[in-house]
Amino acid sequence: MERKEFWFVVGSQSLYGDKVLRTVEARAKEMAEELSKTLPYPLVYKATIKTNKEVTDVVKEANYSDTCYGFVTWCHTFSPSKMWINGLDILQKPYCHLATQYNKEIPNEEIDMDFMNLNQAAHGDREHGFIATRLRMPRKVIAGYWKHHDIQKRLSDWMKVCIGVQVSKNLRIMRFGDNMREVAVTEGDKVETQIKLGWQVNTWATGDLVKEMNKVADAEINALFAEYTNQYDIASTDLGAIRYQAREEIAMKKMMDMEGCMAFSNTFQDLYGMEQLPGLATQHLMAQGYGYGGEGDWKVSGMTAIMKSMGKNGNGSSAFMEDYTYHLVDGQEYSLGAHMLEVCPSLAADKPRIETHHLGIGMNAKDPARLVFEGKTGKGIVASLVDMGGRMRLIVQEIEAVKPILSMPNLPVARVMWKAMPNLTIGVECWIMAGGAHHTVLSYDVTAEMMRDWARIMEIEFVHIDKNTTPEKLEEELLIKDLVWRLK
Ligand code: MN
1009 MERKEFWFVV
1019 GSQSLYGDKV
1029 LRTVEARAKE
1039 MAEELSKTLP
1049 YPLVYKATIK
1059 TNKEVTDVVK
1069 EANYSDTCYG
1079 FVTWCHTFSP
1089 SKMWINGLDI
1099 LQKPYCHLAT
1109 QYNKEIPNEE
1119 IDMDFMNLNQ
1129 AAHGDREHGF
1139 IATRLRMPRK
1149 VIAGYWKHHD
1159 IQKRLSDWMK
1169 VCIGVQVSKN
1179 LRIMRFGDNM
1189 REVAVTEGDK
1199 VETQIKLGWQ
1209 VNTWATGDLV
1219 KEMNKVADAE
1229 INALFAEYTN
1239 QYDIASTDLG
1249 AIRYQAREEI
1259 AMKKMMDMEG
1269 CMAFSNTFQD
1279 LYGMEQLPGL
1289 ATQHLMAQGY
1299 GYGGEGDWKV
1309 SGMTAIMKSM
1319 GKNGNGSSAF
1329 MEDYTYHLVD
1339 GQEYSLGAHM
1349 LEVCPSLAAD
1359 KPRIETHHLG
1369 IGMNAKDPAR
1379 LVFEGKTGKG
1389 IVASLVDMGG
1399 RMRLIVQEIE
1409 AVKPILSMPN
1419 LPVARVMWKA
1429 MPNLTIGVEC
1439 WIMAGGAHHT
1449 VLSYDVTAEM
1459 MRDWARIMEI
1469 EFVHIDKNTT
1479 PEKLEEELLI
1489 KDLVWRLK
């Protein structure tokens, strides 16, 4: 595994003399080591900055380091910020200003002017913050005592966002077939997306996938079938259909791994030479961290891969989702989310079942096998990336998933039921006004704050719908943002 680390760079100046600088360095090292025990990735102390050249040198090194995923600064003492300009101006890594302080309390007896000169983050961090604001730098500011759980959690989350940034910049998406005919929201400018987000989005022929499928050996299918049996309950007698999905999964995985792709899309309108729309195959690939979007939706596929990488252990509880239908009974207003087949089992409340059912839509010669389950309960978000023409907009809505209130015995797909914020109908009004798609990424472990941070680093527009959003406020916000983003 490639090492992933974050660099801790501390601002100071020569004015204080060697003794103070040695103390600053020792404490910064101690803080980095202590914080690394609770953070998901190591925070590595790199330098105490005293000159323009020192800033520029460490930034250059960070920019070209494959292991450095983000740049964290702090000012134990005062650090005049003109010397930071040339360095910060060329910084290409995600940037977090940790406005903290070594000591928690003001020591009543001990405090004198020496103490004040050593412990002056309160104004050192303000000088440091000004220059980043003056440079219009996108960055995260986290303020608070470094040993507090809340601060550590926010720094942890920001680190996970930086993983998502790195995944985005290296993302390759394999498209089998084009977008579903005539659909608008799943379209987008692939060149602009590559410039902004780094994604390489390209197409491969369905016929080439079928050729690859025909080459899969029985032994490979047996091994994957055994894995399915371990992880899921088999609730179908059509073992041939399940084995066919295994064949599809193995072929798609081989092609993606060969090309370095971590996401893919396909469409039921182009299954030329395939007996089944990949259902179980796609679901099991998503469980392994691959992004997916149905009907050729490569944008939601890319976002699924990225948000999975930002979750627990780099493959969290995030999935391609679609708002399908509503329950509009007073006091029981919910969205029912599902897809034709392809819902990731990372959302499942219990062990998924493999079932086979007829699928009328598309060109399925045989009944496709798929995983069926109910989604977990709990707070989460849904996210949608749309192309506004000239820019990308990321819309994130807070949701609360519930145990589906109906058993829906004849619904042959995995399902999630949730309440959108601030409530179903206002939430839908806001979502539609913002231009949010029917396809989303639903996540239980990536937060709206994380997605806001990600959008800021990628320099794309962010719209947040939460419990306090009103259509009136949102309309105004969208109007202003539209003007601002046209000027950018
Ligand atoms: Mn769909």
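As numbered in the working numbering, residues 1009 to 1496 make up the sequence shown, in order. Ideal Cβ positions, reconstructed from N, Cα and C, are used throughout, including at glycine. All figures in this text were calculated on a predicted structure; none of them were measured in a lab.
Notebook entry, point to check: Got a sec? Which residues, its chain only, sit under 7 Å from E1350 by beta carbon, not counting five neighbours each side?
Noted result: G1287, T1290, Q1291, Y1300, G1302, F1328
Next item on the list: Let me know the secondary structure DSSP gives N1418 once reduced to three states.
Entry: coil
Note to self: Once DSSP output is grouped into helix, strand and coil, what is the label at D1331?
What the structure shows: When secondary structure is reduced to three states using DSSP, D1331 falls in the strand class.
Next item on the list: Would you kindly work out how many angstroms separate the C-alpha atoms of K1489 and D1133, rounded to a whole number?
Entry: 30 Å
Check: ligand 1 heavy atoms versus the CB of E1303: any closer than 7 Å?
Finding: yes
Next item on the list: Any chance you could list the alpha helix (DSSP H) runs of at least 4 consecutive residues sitting entirely within the segment 1019-1057, in chain order?
Entry: 1026-1046
Notebook entry, point to check: With burial defined as no fewer than 16 other Cβ atoms inside 10 Å of the residue's Cβ, what is the status of E1194: buried or exposed?
Noted result: The residue asked about is misnamed: residue 1194 is Thr in this sequence, not Glu. So T1194 ends up on the buried side.
Check: Do you know offhand how far Y1332's Cα is from G1368's?
Finding: 17 Å
Note to self: Quick check on this structure: which residue in Y1049, F1086, K1058, M1091 has the alpha carbon closest to the alpha carbon of F1079?
What the structure shows: Y1049
Notebook entry, point to check: Can you tell me whether DSSP reads P1119 as helix, strand or coil?
Noted result: According to the sequence provided, residue 1119 is Ile. The question's Pro does not apply to it. The answer is coil: DSSP assigns I1119 none of H, G, I, E or B.
Margin query: Let me confirm a value: A1313 is counted as buried when at least 16 other C-beta atoms fall within 10 Å, else exposed. Which label applies?
Written below: Here A1313 is buried: its Cβ has 16 or more other Cβ atoms, across all protein chains shown, within 10 Å.
Notebook entry, point to check: Using 8 Å as the limit for Cβ to Cβ distance, is W1166 near chain C?
Noted result: Reference to chain C is not applicable here, since this structure consists of a single protein chain.
Checklist line | Completely contained beta strand (DSSP E) runs for the segment 1380-1444, where each covers 3 or more residues | finding: Those beta strand (DSSP E) runs which fall completely within the segment 1380-1444 and span 3+ residues are 1386-1395, 1400-1410, 1424-1428.
Check: Identify the residues that DSSP records as bridge partners of T1364: which are they?
Finding: A1377.
Notebook entry, point to check: When DSSP labels each residue in this structure, what does L1349 get in the three-state scheme?
Noted result: coil
Next item on the list: Report the rounded CA-to-CA distance for T1075 versus K1012, giving the unit in angstroms.
Entry: Each residue's alpha carbon lies about 5 Å from the other.
Item checked: V1032 versus I1098: straight-line alpha-carbon distance, rounded -> 26 Å
Notebook entry, point to check: Any chance the segment 1146-1154 sits against the segment 1093-1112, with 3 or more Cβ pairs inside 8 Å?
Noted result: yes
Margin query: Quick check on the DSSP output: what are the complete beta strand (DSSP E) runs of length 3 or more inside the segment 1236-1265, in order along the chain?
Written below: none
Next item on the list: With a 10 Å radius around its C-beta and 16 neighbouring C-beta atoms as the bar for buried, classify M1221 as buried or exposed.
Entry: Result: buried.
Item checked: Cross-strand partners of F1184 (DSSP beta bridge) -> W1212
Notebook entry, point to check: Distance, Cα to Cα, T1085 vs V1066?
Noted result: Rounded to whole angstroms, the gap between the alpha carbons of T1085 and V1066 is 19 Å.
Margin query: Let's test the definition: count the other Cβ atoms within 10 Å of the Cβ of S1513 and tell me whether it reaches 16, buried, or not, exposed.
Written below: Outside the displayed span of the chain (1009 to 1496) sits residue 1513, for which this structure offers no information.
Notebook entry, point to check: According to the Cβ coordinates, are Y1236 and A1254 closer than 8 Å?
Noted result: yes
Check: Are at least three pairs of beta-carbons, each pair with one atom in the segment 1241-1248 and one in the segment 1204-1222, less than 8 Å apart?
Finding: no
Next item on the list: Would you kindly work out how many angstroms separate the C-alpha atoms of L1047 and R1189, rounded to a whole number?
Entry: Computed Cα separation, rounded: 46 Å.
Next item on the list: Verify the contact flag: E1330, CB atom, against every heavy atom of ligand 1, threshold strictly below 7 Å.
Entry: yes
Notebook entry, point to check: Going by other Cβ atoms of all chains shown within 10 Å of its Cβ, with 16 needed for buried, is N1187 buried or exposed?
Noted result: The residue in question, N1187, is buried, as its Cβ has 16 or more Cβ neighbours within 10 Å.
Checklist line | N- and C-terminal bounds of the beta strand (DSSP E) containing S1451 | finding: Here the beta strand (DSSP E) through S1451 covers 1447-1451.
Next item on the list: State the beta-bridge partners of H1136 as determined by DSSP.
Entry: Note: H1136 sits in no beta bridge, so no partner.
Checklist line | First through last residue of the alpha helix (DSSP H) which encompasses I1114 | finding: Note, I1114: premise wrong, no alpha helix (DSSP H); not H, not E.
Next item on the list: Pull up the distance between the alpha-carbon of M1458 and that of D1165, whole angstroms please.
Entry: 6 Å
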